[in-house]
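Visitor: Can you keep this structure in mind? I'll have questions shortly.
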Amino acid sequence: MSGRSTSILATILFIIYSQNVYSVEFNLDVVDSKSKDNINFARFSEAGYILPGKYQLNLVLNGQGIGSSTYTVNVLERENKSQDENKKTVISSLFNR
């Protein structure tokens, strides 16, 4: 294949396999909290982020309740050493009874 044919083929493949990307915004006005100025909403832009606190867990197996317990979620953080990002990331969540 010539260089021109290769570049045309690459362009066509790029157009066929490209996807639209949309930004999702969160309206902070819906938060009904007196302390919303103290909440770091940027944390929720990270996939899988869990807010530290106590969570009730109800275990149901085949439609029958097995039990329920309260778990405390602690989030450990460290500095991301990546050259592209210099922000804190959640590295693990520990569940303690």
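The numbering of the sequence shown is the UniProt record's numbering, which starts it at 1 and goes up by one. Backbone N, C-alpha and C define an ideal beta-carbon position, used for all residues, glycine too. This one's a predicted model, so the numbers in the text were calculated from it and none came from an experiment.
Taking 8 Å as the cut-off, decide whether the C-beta atoms of Leu57 and Ile66 are in contact.
Guide: Sequence index remark: in the sequence shown, residue 57 carries index 57 (1-based). Sequence index remark: in the sequence shown, residue 66 carries index 66 (1-based). Result no, Cβ atoms of Leu57 and Ile66 do not sit closer than 8 Å.
Visitor: Compute the Euclidean distance between the alpha carbons of Phe41 and Ser68, then round it to the nearest angstrom.
Guide: By one-based count along the sequence shown, residue 41 stands at place 41. By one-based count along the sequence shown, residue 68 stands at place 68. Rounded to whole angstroms, Phe41 to Ser68 spans 30 Å at the Cα level.
Visitor: Beta carbon of Val73, beta carbon of Tyr49: below 8 Å?
Guide: Stepping through the sequence shown from its first residue, residue 73 is reached at position 73. Stepping through the sequence shown from its first residue, residue 49 is reached at position 49. Going by C-beta atoms, Val73 is not nearer than 8 Å to Tyr49.
Visitor: If we ignore side chains and look at the alpha-carbon of each, how far apart do Ala47 and Glu25 end up?
Guide: Stepping through the sequence shown from its first residue, residue 47 is reached at position 47. Stepping through the sequence shown from its first residue, residue 25 is reached at position 25. Cα-Cα distance, rounded: 15 Å.
Visitor: Do you know whose CA, among Pro52, Lys36, Thr70, Thr11, lies nearest Asn27's CA?
Guide: In the sequence shown, residue 27 corresponds to position 27, counting from 1. The candidate whose alpha carbon is nearest that of Asn27 is Lys36.
Visitor: Could you pull the start and end residues of the beta strand (DSSP E) that Gly48 belongs to?
Guide: Within the sequence shown, numbered from 1, the residue matching residue 48 stands at position 48. Gly48 -> no beta strand (DSSP E), and no H or E assigned at all.
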